[in-house]
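Q: Quick note: the sequence shown, position 467, residue 467 per the working numbering, numbers continuous.
One structure coming up, written as structure tokens, with questions to follow.
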Amino acid sequence: MHRSLANLTERIERALHERLIPALYRDTEPVHVEAAHLPGEPVPAAEGLAMAYAPFAVGQPWGPAWRTTWFRFSGEVPARMRGGRVELLVDLGFERAGPGFRSEGLAYTADGTPIKGIEPRTAYVPVARPAAGGERVEVYVEAAANPRFDGSVSPLGDPETLPDRPLYRLDRAELAVLDEEVHALVLDVQVLHQLALQLAETDTRHHTIRRSLELMLDELDVADVSGGAAAARARLSGALASPAVPSAHRITAVGHAHIDSAWLWPVRETIRKCSRTFSNVVALADEYPELVFACSSAQQYAWLREHHPTVYRRVAEKVATGQFLPVGGMWVESDTNMPGGEALVRQFTQGKRFFAAEFGVEPREVWLPDSFGYSAALPQLARLAGFRWFLSQKMSWNQTNRFPHHTFWWEGVDGSRVFTHFPPADTYSSELSGQDLAYGVRNFAEHGRSTVSLLPFGYGDGGGGPTREMLETARRVADLEGSPRVAIRTPAEFFAEAEREYPDAPVWSGEMYLEHHRGTYTSQSAMKRGNRRTEHLLREAELWSAAAALRTGHPYPYAALDAVWQETLLLQFHDILPGSSIAWVHREARQTYARLADRLEGMIEAALTALTGPGSVPLTANAAPHERDGVPALGVSAGHGGDVPAVSVRSGPDGTVLDNGLLRVRLGPDGTVSAIRDLVADRDVLRPGTAANVLQLHPDTPNRFDAWDIDAFYRHRRRDLTGVAKIVVEADDPRQARVRVTRDDRSSGYVQTVSLAAGERVLRFTTEVDWHERETLLKVAFPIDVQAAQSSSEIQFGHLQRPTHTNTSWDAARFEICAHRWLHVGEPGYGVALVNDGTYGHDVTRQPPGDVLGAQPTTVRLSLLRGPRYPDPNTDQGSHQFGYALVCGAEIADAVREGYRANLPVRRHLGGRAVAPLVEVTNPAVVVEAVKLADDRSGDVIIRLYEALGGRARTRLTASFDLAEARVCDLLERDDAEIGALAPVAVEGNLVELALKPFQVVTLRLRPARR
Ligand SMILES: [Zn+2]
């Protein structure tokens, strides 16, 4: 027999697209269209419905970018449609493009009840099924002209730079009868055709399916598709009835819609995207009782509750029936590289508390399919927050190395493990296509040991979530020969089974570094600074408010703190803090950070005023976990001036020398630091012949994803800023000497201040930049003379070591790394830490090339600024200020202390009395990260502390109030036997004895004796 494989494929696809799909709807009837164009921002439905509507015609343009048009569609179901499934079809100008990322609508009844979303792949509104004929139709659609972004520079990301021309055209508005038999036929054909294409020609199943499709096509009367659909389907029934083989891989399919909480649209549009998609989901859940839809972010539920209470009530009903499933338990799907330790805790606790209070459920799986790499602190925090499992898929984006596992134990920096799964189809928005199903099986790394995987399906980002076509597909592939078995189930059902089947899964230890999107540690500098500042102000506000509440009865601002936390957590979303959103999002975020800082300053001032009482004694409040200038950690006192020797300054034509008896620092005529002599250790800190605090500019033109990516070739070119406009030496303060170096370069300006204070081996830097470069990476370099095989970077509640060499492709791929407040390099006996007050990107190299014989230098660089042009064409243009410091002769403990110092300056306050710390901790390895009152408003004090050096630490914690009880609890401040057993506590009077393991995080609940 002759083979004509390609011909049959063409025949099937042409029949599908030109005969079957066009026959899905028969018999149409135009409707009357009117429209009202909103001049500004969206309004509630009641206002939208009440606007003055004017006649509008199909084919007319609508919608300048970001505007809203309300459409009213009215008419009557004609008698001839009686008995049919009648729907209103609306095309808002979708141009046959893919789902999401464009115009969208939400359909309402005449009384303002949301019906469902209108999106490219789900553009219908149900009218009658079956129709009686004569039904009045009145449907309102709130249509949003969300512009499309394609990766090129665009002015559409900011309402201030918008052109005022319509983007879309109303392409369709009519009643139509859905031919359910043709609909079923289309799905039968698609499922079988896609399956056959995935099966090898050596597989007889491939041929039996294709033969049945051929017979179906021979049967089909193209002149009467509708009339012949049932007979055509009969030709496929045998192929569809053949069950999966016993060894078929089993897929848990989970309905989903990945809705980015802001990205190529502002937060206000996300709120509407959620209302559209969730309306679709609850409508679909009625029609398909097997649908399970997983939705992760508590924030998105909170928006729905506030803005669309009727949809929210429907969602709550579906949560109760188990069809709408809160998963993940975080406030948003946050970035996990940059949020601080306490902030990651609050992502979990705020999210889980919301789900518990609203729905009485507690998710057990962390759900982070799309964040840009995963911190090694997460396994412990997830376990301490009551999670058992972790889901992602983003590591499939690695550009260099293939991540080896799909189901595995992920082990964090402290040794804690969480059972983890990556859906092997490498997507979180599958259509359940034959290709996705087969690829997921082919790609799965655990065959032979595990037989199950998970597959989230549904369109995200305004695509509308799962569709009825996906659910029909799921029914067809539930048990189908040649296909994996597909069952719609919950993630928890999947994880429980996967873990049972594969308890000895392999272990991945440490961070999951994403070999992609390395620019997100630096893009949109104000996000980084705002986040860091807000996190530390929150620490202060909670600490002083708790102390004031306990000591003076000052009302603890529970609600205000929750509100600030929730806004801070939203801004940690994986396209906001990383700097990958449009200008509009980042402009609003900058305003939010400023507002939050004001609010927190107010709380701090009120608490300190209550604490210290009336008076005019100059006091110093030290919110840091370390004593500073004679002020105890977490306490308020007058402190002491201290007797420290002065700093000497000597200037000449060959530069300036600052000397405080501990460090002798030489600045060259070009204003760079040309030498640092550590007089205590009697050694040079910098590699001789090099210079530090050198600003370096690289071209920064990644191949794709401008705001996201730094590509390795950026290092091929570099220009050092050594031209000097002015050098000013400030030597009038004997306690601190300063040199200010001003540089002009192209259209940008730089002022670098180098300061050396008396009594410390720390050289401090402030760099102000008036930045007008684009597509340029600005770094500042410190060539340290230590032979370091690895660098240590602060992460949440600990630190992480990464090689400084590039031996393997994994090491080489980490050419830009994230560190929080400090990065440390050292050799036995001597180390140096670079601390910062608001940046995250670093690189550490064995540069510049040293001698062939002997120790190599270690150059540490901070990434300060970039200038990507997409999606915000003006990213980071304007003024910036960076603070950083070089801590010489630093152990890790010094790095930890100086990291806090750089981010948590002491606060001067006039009051009547000093205030003893609420708690004191004796072991410097143990760091108090948070002091707050318990969320249950019992008045209990919560202390969160951790072991910071990576070793074992015993410590005493002394409360300065009478203690009735001290218990170790989980992050949600609940008793948990397993967690309590990990950190034995002995209480004696007001003294608590604790034994901590490496990087262990302990949450203590202290109950005061008297209320
Ligand atoms: Zn995302």
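We put the beta carbon where it would ideally sit given N, CA and C, even for glycine.
#1: Does DSSP put Phe-457 in a helix, a strand or coil?
#2: Curious, which full-length beta strand (DSSP E) runs of at least 3 residues does the region 47 to 124 contain?
#3: Is Arg-468 near Glu-287, with beta carbons less than 9 Å apart?
#4: Which residues end up in the neighbourhood of ligand 1 when you take C-beta atoms closer than 6 Å to any of its heavy atoms?
#5: Along the alpha helix (DSSP H) that carries Ser-226, what are the first and last residues, could you check?
#6: In the DSSP output, which residue or residues are listed as bridge partners for Phe-422?
#7: Would you identify the three-state DSSP class for Ile-795, choosing helix, strand or coil?
#8: Note the first and the last residue of the continuous beta strand (DSSP E) segment covering Gly-749.
#9: Thinking C-alpha only, which one of His-554, His-256 and Gly-351 is nearest Glu-362?
#10: Are the CB atoms of Thr-407 and Phe-387 within a distance shorter than 9 Å?
#11: Look up Val-906 in the DSSP assignment and say whether it is helix, strand or coil.
#12: Quick check on Phe-713: buried or exposed, where buried means 16 or more other Cβ atoms within 10 Å of its Cβ?
#13: In whole angstroms, what is the alpha-carbon distance linking Leu-904 and Pro-625?
#14: Can you list, in chain order, the residues of its chain whose CB lies under 7 Å from that of Val-452, leaving out five sequence neighbours each side?
#15: Ordered along the chain, which non-local residues of its own chain (more than five positions away) have a Cβ less than 6 Å from that of Leu-162?
#16: Glu-201 by DSSP, collapsed to three states: which one?
#17: Comparing C-alpha positions only, which one of Glu-481, Val-786 and Thr-806 sits nearest to Ala-890?
#18: By the three-class DSSP mapping on this structure, what secondary structure does Arg-810 have?
#19: Should the region 222 to 229 be called in touch with the region 204 to 212, which here means at least 3 C-beta pairs below 8 Å?
#20: For Trp-410, list the residues DSSP reports as bridge partners.
#21: Could you give the distance in angstroms between the alpha-carbon of Arg-687 and the alpha-carbon of Gly-464?
#22: What residue range does the beta strand (DSSP E) around Gly-655 cover?
#23: What is the DSSP secondary structure of Asp-678, reduced to helix, strand or coil?
#24: From the DSSP secondary-structure annotation, give me the bridge partner or partners of Asp-744.
#25: From this set, Leu-679, Val-694, Asp-91 and Ser-648, which residue's C-alpha is nearest Gly-668's C-alpha?
#26: What number of angstroms, rounded off, separates the C-alpha of Glu-775 from the C-alpha of Arg-650?
#27: In angstroms, rounded to a whole number, what distance separates the CA positions of Val-896 and His-824?
#28: Assuming contact is defined by CB atoms lying nearer than 9 Å, are His-517 and Phe-705 in contact in what I supplied?
#29: Please name the residue, chosen from Ala-79, Gly-899 and Thr-113, that lies closest to Pro-130 on a Cα-to-Cα basis.
#30: Identify the continuous alpha helix (DSSP H) that holds Ser-279 and give its terminal residues.
#31: Can you give me the Cβ contacts of Arg-235 inside the same chain, cut-off strictly under 7 Å, excluding the 5 residues immediately before and after it?
#32: For the region 796 to 810 against the region 945 to 953, do three or more pairs of beta-carbon atoms, one drawn from each stretch, fall closer than 8 Å, so that the two count as touching?
#33: Would you kindly work out how many angstroms separate the C-alpha atoms of Ala-298 and Phe-355, rounded to a whole number?
#34: How big is the Cα-Cα spacing for Gly-939 and Ala-548?
#35: Give me the DSSP bridge partner(s) of Asp-684.
A: Straight from the coordinates:
#1: strand
#2: 61 to 64, 68 to 76, 85 to 91, 104 to 108 and 114 to 118
#3: yes
#4: His-258, Asp-260, Asp-370 and His-574
#5: 225 to 241
#6: Paired residue(s): none; Phe-422 is not in a bridge.
#7: strand
#8: 748 to 757
#9: Gly-351
#10: no
#11: coil
#12: exposed
#13: 10 Å
#14: Arg-250, Thr-252, Phe-494, Glu-497, Ala-498 and Glu-501
#15: Ala-65
#16: coil
#17: Val-786
#18: Rather than Arg, the amino acid found at residue 810 in this sequence is Trp. Correct three-state label for Trp-810: helix.
#19: no
#20: Val-418 and Trp-508
#21: 58 Å
#22: 655 to 659
#23: strand
#24: Gly-749
#25: Val-694
#26: 40 Å
#27: 10 Å
#28: yes
#29: Ala-79
#30: 267 to 287
#31: Ser-212, Leu-215, Met-216 and Glu-219
#32: yes
#33: 7 Å
#34: 12 Å
#35: Arg-677
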